[in-house]
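Since the structure comes first, as structure tokens, the remarks are kept for the end.
Put into structure tokens, the structure is as follows:
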């Protein structure tokens, strides 16, 4: 009933068998019809105007993989909190491919004209991104051999950077 009230804008597809997170995302991307694919894990909550900064990056550069900034939720009140404070962070990995985030260096921040400008990052958290649909498939989508979460962000980031794209975090998303 919930899906019906969206008049066909929201669709539910069932695979008939368990296919794993990455294959399910790829199937969703294949079934999509828009120009941009937005991937958000089920635990993500969107706020007002979260999408325009991501779409702007892609409109300006179709090879940009746009990443939203993550807020936290105060567990007692469910109030949104800025987990980074006034700092900006980007995705990185350790040698064991453990995803982490590190603060953007001051010398890079000083080059930006506005604090709302996006900035480059080596990688991103895998469960939240926007990407041009055609570009996603030109890159080969996700590797079908990846069955669970934890490697897709590296694989996609490597392909984006090696094929002339950028991974950009959008502060106002």
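Residue numbers (full-length UniProt numbering): 1 to 173. All C-beta atoms in this analysis are idealised placements derived from N, C-alpha and C, irrespective of residue type, glycine included.
- Query: With a Cβ-Cβ cutoff of 9 Å, do residue 140 and residue 159 count as a contact?
  - Reply: Within the chain shown, residue 140 is the residue found at index 140, counting from 1. Within the chain shown, residue 159 is the residue found at index 159, counting from 1. Yes, Cβ-Cβ distance for residue 140 and residue 159 is below 9 Å.
- Message: For residue 128, which residues in the same chain have their Cβ closer than 8 Å to its Cβ, ignoring the five residues on either side in sequence?
- Response: Numbered from its first residue, the chain shown carries residue 128 at position 128. Around residue 128: 39, 40, 41, 44, 67, 68, 70.
- Item | Whole-angstrom distance between residue 14 and residue 136, CA atom to CA atom | As a working note, residue 136 is residue 136 in the chain shown. As a working note, residue 14 is residue 14 in the chain shown. Answer to the nearest angstrom: the Cα atoms are 22 Å apart.
- Pick helix, strand or coil for residue 26, following the three-state DSSP scheme. Here residue 26 is taken as the residue at index 26 of the chain shown, counted from 1. Helix, per DSSP.
- Item | Nonlocal neighbours in the same chain, by C-beta distance under 6 Å from residue 88, ignoring five residues either side | Position 88 of the chain shown holds residue 88. Cβ within range, chain order: 104.
- Task: Take residue 142 and list the residues in its own chain whose beta-carbon comes closer than 6 Å to its own, dropping the five residues that flank it on each side.
- Result: Looking up residue 142 in the chain shown gives position 142. Excluding sequence neighbours, residue 142 sits near 22, 26, 152.
- Message: So, for residue 155: in the same chain, excluding its five sequence neighbours on each side, which residues have a beta-carbon less than 6 Å away from its beta-carbon?
- Response: For the purposes of this step, residue 155 is taken as the residue at position 155 of the chain shown. Taken in chain order, the residues that qualify are 143.
- Query: Per DSSP, residue 39 is paired with what?
  - Reply: Start at 1 with the first residue of the chain shown, and residue 39 comes out as number 39. In the DSSP output, where bridge partners are listed per residue, residue 39 has 129.
- Message: Please state whether the Cβ-Cβ distance between residue 122 and residue 91 is less than 9 Å.
- Response: By 1-based counting over the chain shown, the position of residue 122 is 122. By 1-based counting over the chain shown, the position of residue 91 is 91. For residue 122 and residue 91, yes; Cβs fall inside 9 Å.
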